[in-house]
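S.K.:
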Amino acid sequence: MSERGFWNDNLLEIQKKYWESWNEISGKASVVEGASPRSPWEMALEHWWEAVSPAAPEMARDFMTRMMDQGKQFFRMAALFSGKAESDGQATDWRDLLNRLSDEFRSAGGVDSSANAKHRLHGLMGFWELPFDNWQHMALTLSLLQGDPFRNMRQVGWQADMDSLFPTSGLGYTREELAQQQKLFKLLSDYKRALQEYSQFFTDIGSETVKRLAEKLEQKSHKGELIKSARALYDTCVESCEEVYGERVRTTEYIRINGQLVNTFMGVKHQVGVMVDANLGALNMPTRRELRTLQARMQEDRRECRRLRAELELLKGQAADPPAIQTGTGRKAATTKRKIVSRKKCSVES
Amino acid sequence: MEPIDIRPEKLAEEMADYSRKLGKGLENLLNTTEIDTGVTPRQAIYREDKLTLYRYQGADGVTQNPVPTLIVYALVNRPYMADIQEDRSTIRNLLNEGQDVFLIDWGYPDGSDSSLTLDDYINGYIDRCVDVVRKQCDQEKINILGICQGGAFSLCYTALNQGKVKNLITMVTPVDFQTPDNLLSAWVQSIDIDLLVNTLGNVPGELLNWTFLSLKPFSLTGQKYVNMVDLLEDETRLKNFLRMEKWIFDSPDQAGESFRQFIKEFFQKNGFINGGIRLGERLVDLNNITCPVLNVYAEQDHLVPPDASRALKGLTGTSDYSEVVFPGGHIGIYVSGKAQKTIPPAIGRWLREHV
Chain A
-10 MSERGFWNDN LLEIQKKYWE SWNEISGKAS VVEGASPRSP WEMALEHWWE
40 AVSPAAPEMA RDFMTRMMDQ GKQFFRMAAL FSGKAESDGQ ATDWRDLLNR
90 LSDEFRSAGG VDSSANAKHR LHGLMGFWEL PFDNWQHMAL TLSLLQGDPF
140 RNMRQVGWQA DMDSLFPTSG LGYTREELAQ QQKLFKLLSD YKRALQEYSQ
190 FFTDIGSETV KRLAEKLEQK SHKGELIKSA RALYDTCVES CEEVYGERVR
240 TTEYIRINGQ LVNTFMGVKH QVGVMVDANL GALNMPTRRE LRTLQARMQE
290 DRRECRRLRA ELELLKGQAA DPPAIQTGTG RKAATTKRKI VSRKKCSVES
Chain B
111 MEPIDIRPEK LAEEMADYSR KLGKGLENLL NTTEIDTGVT PRQAIYREDK
161 LTLYRYQGAD GVTQNPVPTL IVYALVNRPY MADIQEDRST IRNLLNEGQD
211 VFLIDWGYPD GSDSSLTLDD YINGYIDRCV DVVRKQCDQE KINILGICQG
261 GAFSLCYTAL NQGKVKNLIT MVTPVDFQTP DNLLSAWVQS IDIDLLVNTL
311 GNVPGELLNW TFLSLKPFSL TGQKYVNMVD LLEDETRLKN FLRMEKWIFD
361 SPDQAGESFR QFIKEFFQKN GFINGGIRLG ERLVDLNNIT CPVLNVYAEQ
411 DHLVPPDASR ALKGLTGTSD YSEVVFPGGH IGIYVSGKAQ KTIPPAIGRW
461 LREHV
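Here the protein sequences line up with chains A and B, keeping their order.
Each residue of the first sequence is one higher than the last, beginning at -10 in my numbering.
Each residue of the second sequence is one higher than the last, beginning at 111 in my numbering.
1. Should A:E338 be labelled buried (16 or more other beta-carbon atoms within 10 Å of its own) or exposed?
2. Can you give me the Cβ contacts of A:L250 inside the same chain, cut-off strictly under 6 angstroms, excluding the 5 residues immediately before and after it?
3. Taking the alpha helix (DSSP H) that A:R277 falls in, what are its first and last residues?
4. Could you have a look at A:D179 and say whether DSSP puts it in helix, strand or coil?
5. Pull the bridge partners of B:D215 from the DSSP assignment, please.
6. Jot down the residue ranges of each uninterrupted beta strand (DSSP E) in the region 125 to 184 of chain B, minimum 3 residues, whole runs only, in chain order.
7. Starting from the beta carbon of A:C230, find every residue of chain B whose beta carbon is closer than 7 angstroms, and list them in chain order.
8. What does B:L185 reach in chain A if we use C-beta pairs closer than 9 angstroms?
9. Just the Cα atoms here: how many angstroms apart are A:A267 and A:T276?
10. Could you tell me whether the Cβ of B:G133 comes closer than 9 angstroms to any Cβ of chain A?
11. Since A:E265 meets chain B, which of its residues come closer than 8 angstroms, beta carbon to beta carbon?
12. Assuming B:V414 and B:C258 form a contact by the criterion Cβ under 8 angstroms, report the distance between their Cβ atoms to the nearest whole angstrom.
13. Give me, in chain order, the residues of the same chain whose beta-carbon lies closer than 6 angstroms to that of A:A18; leave out the 5 immediate sequence neighbours on both sides.
14. Check whether the region 339 to 348 of chain B and the region 295 to 311 of chain B are in contact - that is, three or more C-beta pairs closer than 8 angstroms.
15. If you follow the beta strand (DSSP E) that B:V434 is part of, which residue opens it and which one closes it?
16. Roughly how many angstroms separate the alpha carbons of A:V238 and A:L173, rounded to a whole number?
17. Per DSSP, what are the beta-bridge partners of B:L278 in this structure?
18. Rounding to the nearest angstrom, what Cα-Cα distance links B:R459 and B:K379 in this structure?
19. Which value, in whole angstroms, describes the spacing of the CA atoms of A:D224 and B:K451?
20. Within 9 angstroms (strictly less), CB to CB, does B:T150 reach chain A?
21. Excluding the 5 residues preceding and the 5 following B:K349 in the sequence, name in chain order all residues of the same chain whose CB lies nearer than 8 angstroms to its CB.
22. With a threshold of 16 other CB atoms inside 10 Å of the CB of B:M125, please say whether the residue is buried or exposed.
23. List in chain order: all unbroken alpha helix (DSSP H) runs of 4+ residues lying wholly within the region 362 to 404 of chain B.
24. Within 10 angstroms of its Cβ, does B:A169 collect 16 or more other Cβ (buried), or is it exposed?
25. Quick check: the Cα distance between B:D159 and B:S429, rounded to an integer number of angstroms?
26. Using alpha carbons as the reference points, say which of B:T227, B:L163 and B:D411 lies closest to B:P437.
27. Under the three-state reduction of DSSP, which class applies to B:Q410: helix, strand or coil?
28. Give the C-beta separation of B:I194 and B:T147 to the nearest angstrom, bearing in mind that I take them to be a contact with Cβ-Cβ under 8 angstroms.
29. So the candidates are B:S432, B:G273 and B:D127; which of them puts its Cα closest to the Cα of B:V339?
30. The alpha helix (DSSP H) spanning B:F322 covers which residue range?
31. Quick one: does B:V243 have its CB under 9 angstroms from some CB of chain A?
32. Should B:R388 go down as buried or exposed, given a rule of 16 or more other Cβ atoms within 10 Å for buried?
33. Using a threshold of 9 angstroms, state whether the C-beta atoms of B:L204 and B:I457 are closer than that.
34. The alpha helix (DSSP H) with B:F263 in it runs from where to where?
35. Mind listing which residues of the region 270 to 283 of chain A have their C-beta closer than 8 angstroms to chain B's C-betas, in chain order?
In structure tokens, the structure reads:
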């Protein structure tokens, strides 16, 4: 049996049955465990995915993971709101919930903070982590380091930890090498600081988003509009996030923070490149710097070739059809052109 | 009145529905064959380095404009956006309007292209493509249609080579790079472009994707996939979604030197407005553009705000300037059903009036 055949005939049939059974059970139960971070639905979804994902093609796996992650998030949030409403029926429940959420955002250290893990509520409303996650994902694609290199560093006092690694300048043969390493650690510290500031910015956005969501819900309340589905609640949250984000990322504060993040990251990457080049050089292997110089020279030679070819064509044309009278201006122009060409040639060779 | 009324049984129903759609979606995803893009028949007529110049095959029985139109696409993303699927193809609709369409596909630059400058692209590649088209169609002048960054390139090219351009069309083209609503421009002002290019060489597509997705991160990296769940059961819509997804993440790296120049001269110095853009040894002056100009822009464009495009009015030396406004976004202007019915016919009509 081919793999494709197995997928189409057997496994898909199994997963259909699995969902049918689960739907039946969940329908009978018709009880949702309110604020539980892992509801029965979520656990069922994860078990199902564990069973079917290993053989799924990468593209399908990637899409399904994204859809499941988002689905989990909005159902968690909806369960939280609906669960509270059901359990005690208090008119101020959603307001209390949002107040608590706002408090949690304020007390959290940033989206990359380990303190986050302690906060149950805002873990349920994780949209605000998306921009930070996007950066981490992108940075990973440009980095040799796998995962978040700062994840296990303590949040306070890390600067002193890093400084203590290289307390003094080196001496003798190892001086240059040590200086390069010190520079790298200094740049890593700068990047870590920029990353913290970036993550703190998004924590602030998270807090503001909660306020905006509360305002939107108040407005709906006044208008007598009802949010009756998890999806509608999710869409309202996304709308709030996008609104607040759109306002904040236009500020000079964010422009500075964003620039600092990119620039410090590039600083680290640049220094790593310098150190890798030094090692390649020591091994008598071509360095990136050498390759770039060669690429630039090659490109300049190509431009020069094209210019000369164009001039040759022009001269061929003139030779085939010489002007009746050679004017003084024409002679001067031709001379000037020759001078330019010869000057450029010199600059390439130098 | 309480605004949230999600009953547990309704929530359970919604979850079950979501799960069912995911299950069905996986089945459809597994059955999805390779995503095809670029649907209109075409022929490669010129190649140089990574670029390919294509000529598209028009429909039989359509009276053709003798003056060909060369589409200059941006270096960012891939040009199949303009020919993404059978029923959503700006190129096909232009052919149906009787236009003889050519397109420059820039390909995927690699390290060996990192030293390419804007002069190499505009006065080099584009100029040679223009000459090939002129020769093939036996025309002294041709029409140029520049898309987004390609529009900025087309403006530069026309300003420096007016003798080869009969009509110029710019689509969602930034001209004033520093309008207050231009978020990309605001962000890029604080980036150390020299450090970035010196570090990376070519600028990776992933970095550009991150920047573009950061414009609306919650919608573009979260909500979009929730919306996708609703499409999963419909194979055709799923395939269309995947096609768009492929286009969004199909981001070629940017040749480092060109990127450096583009960000500095256009974004940071706002060169079209303040002057001073130099390509090689020549200064770009938009006032040298004297041919008819059609400026097409989108009212809800979050990448190139309408004001950024509208700024073209009055900057060129032409006495024949017109605008077409599309009530949609930067991508919608190529792929939406509404755009198919309005944009290519408007361009076709304008070109017929300017033969």
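C-beta: ideal position from N, C-alpha, C; glycine also.
Keep in mind the model is a prediction, meaning the values are calculated, not measured.
M.R.: With the structure as the only source:
1. With a pLDDT of only 33 at A:E338, under 50, the local geometry of the prediction cannot be trusted, and no value is derived from it.
2. A183 and Y187
3. From DSSP, the alpha helix (DSSP H) with A:R277 extends over R277 to A309.
4. A:D179 falls in the helix class under three-state DSSP.
5. B:T162
6. Fully contained in the region 125 to 184 of chain B are the following beta strand (DSSP E) runs of length 3 or more, in chain order: 152 to 158, 161 to 166 and 179 to 182.
7. Here the neighbours are F328.
8. Chain A residues near B:L185: none, gap ~16 angstroms exceeds 9 angstroms.
9. 8 angstroms
10. yes
11. Strictly speaking, residue 265 of chain A in this sequence is Val, with Glu absent from that position. Neighbours of A:V265 on chain B: none; closest Cβ ~12 angstroms, over 8 angstroms.
12. 7 angstroms
13. Confidence at A:A18 is low in this model, with a pLDDT of 49, below 50, so its placement is unreliable and no value can be given for it.
14. no
15. Y431 to F436
16. 30 angstroms
17. The beta-bridge partner set that DSSP reports for B:L278 consists of B:I254 and B:V403.
18. It is roughly 36 angstroms from the alpha-carbon of B:R459 to the alpha-carbon of B:K379.
19. 31 angstroms
20. no
21. Within the same chain, B:K349 has close Cβ partners T142 and I145.
22. buried
23. 366 to 371 and 381 to 384
24. exposed
25. It is roughly 38 angstroms from the alpha-carbon of B:D159 to the alpha-carbon of B:S429.
26. B:D411
27. coil
28. 6 angstroms
29. B:D127
30. If you look at B:F322, you'll find it in the alpha helix (DSSP H) that goes G315 to L323.
31. no
32. exposed
33. yes
34. Q259 to L270
35. R277, L280 and R281
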